[in-house]
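Going by my numbering, the first residue of the sequence shown is number 16, and it counts up by one from there. Here the structure comes first, spelled out in structure tokens, and everything after it is commentary.
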Amino acid sequence: MTLYLYRLMGAATLDAGMYESIEADRGTTVQAAITVLLASLAAGIGASGWYGAHPFTLVAVSVVACAVWVVWAVLIFHIGTRILPSTDTRVTLDELLRTTGFSAAPGLLLSVAVVHGMSVPVFVATGLWMLATMIVAVQHALDYASPWRALAVCLVAMTIVITLTVTLGVVWGPALS
């Protein structure tokens with residue numbers, strides 16, 4: 016448990032060495048999944064500040080967050096290895112799942128958003144922090160020398176996810192009248 020907390024702190028503080036050790040340690044895959052699950056539960060609790068406490072909100076946000084983690088990792092894997100690889104890029108999907116899973120560490124604070132008036136600031140600040148940890152995670156998993164290429168990979172993946180989300184919302188969402 017102490018080692019897990021140490022890894023969470025290292026990931027949250029953008030510690031490059033921590034991301035390298037997480038990437039290399041196959042035993043951290045379950046811990047990465049636990050991190051995503053805990054962050055998604057915290058997001059569900061925090062989102063109840065907007066929608067009120069409802070078990071469905073907690074479960075729905077958690078399921079969506081876990082699915083998004085896997086989709087992001089797969090997208091980043093393909094974008095980072097096929098579209099924007101560096102000469103040093105050597106990565107497996109498992110390595111990306113581990114590093115990107117731990118990049119969700121700041122999301123553990125999302126439960127604070129349940130406090131009245133704190134929802135928007137907490138979600139915005141934590142979202143930006145999680146983007147920063149994601150960039151560091153991607154940089155080290157894909158063995159990039161610079162964070163700029165990792166940022167580009169994250170932005171391309173984010174554009175695809177947003178486009179798919181909006182498209183699915185338009186197709187299957189309720190009709191506006």
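For every residue, glycine included, the Cβ atom is placed at its ideal position computed from N, Cα and C.
query, result
"Threshold first: 3 residues or longer. Then list the beta strand (DSSP E) segments lying entirely within the segment 37-103, N to C.", "none"
"Who are the Cβ neighbours of F117 in its own chain at under 6 Å, not counting the five residues just before and after it?", "A26, I37, A47 and T50"
"Quick check: A54 and A147, are their CB atoms within less than 9 Å of each other?", "no"
"Taking 8 Å as the cut-off, does the segment 97-113 touch the segment 153-170 (at least 3 CB pairs, one atom from each stretch)?", "yes"
"Using the rule of at least 16 other Cβ atoms within 10 Å of the residue's Cβ for burial, across every protein chain shown, is S15 buried or exposed?", "Within the shown structure, residues of the chain are numbered from 16 to 192, placing residue 15 beyond reach of any answer."
"Hey, would you say V168 sits closer than 9 Å to L112, going by beta carbons?", "no"
"By Cβ distance below 8 Å, which residues in the same chain neighbour L23 in space, the five residues on each side in sequence not counted?", "T50, F117, A120 and L123"
"Short of 7 Å in beta carbon distance, which residues of its chain neighbour I175, apart from the five on each side in sequence? Order them along the chain.", "L90"
"Cα separation between A39 and I177?", "30 Å"
"Is G132 helix, strand or coil when you go by DSSP?", "coil"
"Would you call the CB atoms of A58 and A88 closer than 9 Å?", "no"
"Would you kindly report the start and end of the unbroken alpha helix (DSSP H) that includes Y21?", "T17 to A27"
"Using C-beta distances below 6 Å, list every residue in its chain close to A128, excluding the 5 sequence neighbours before and after it, in chain order.", "G61, G64, S134, V137 and F138"
"On the criterion of 16 or more Cβ atoms from any shown chain inside 10 Å, does A195 qualify as buried, or is it exposed?", "Here the chain comprises residues numbered 16 to 192, so residue 195 is not present and cannot be evaluated."
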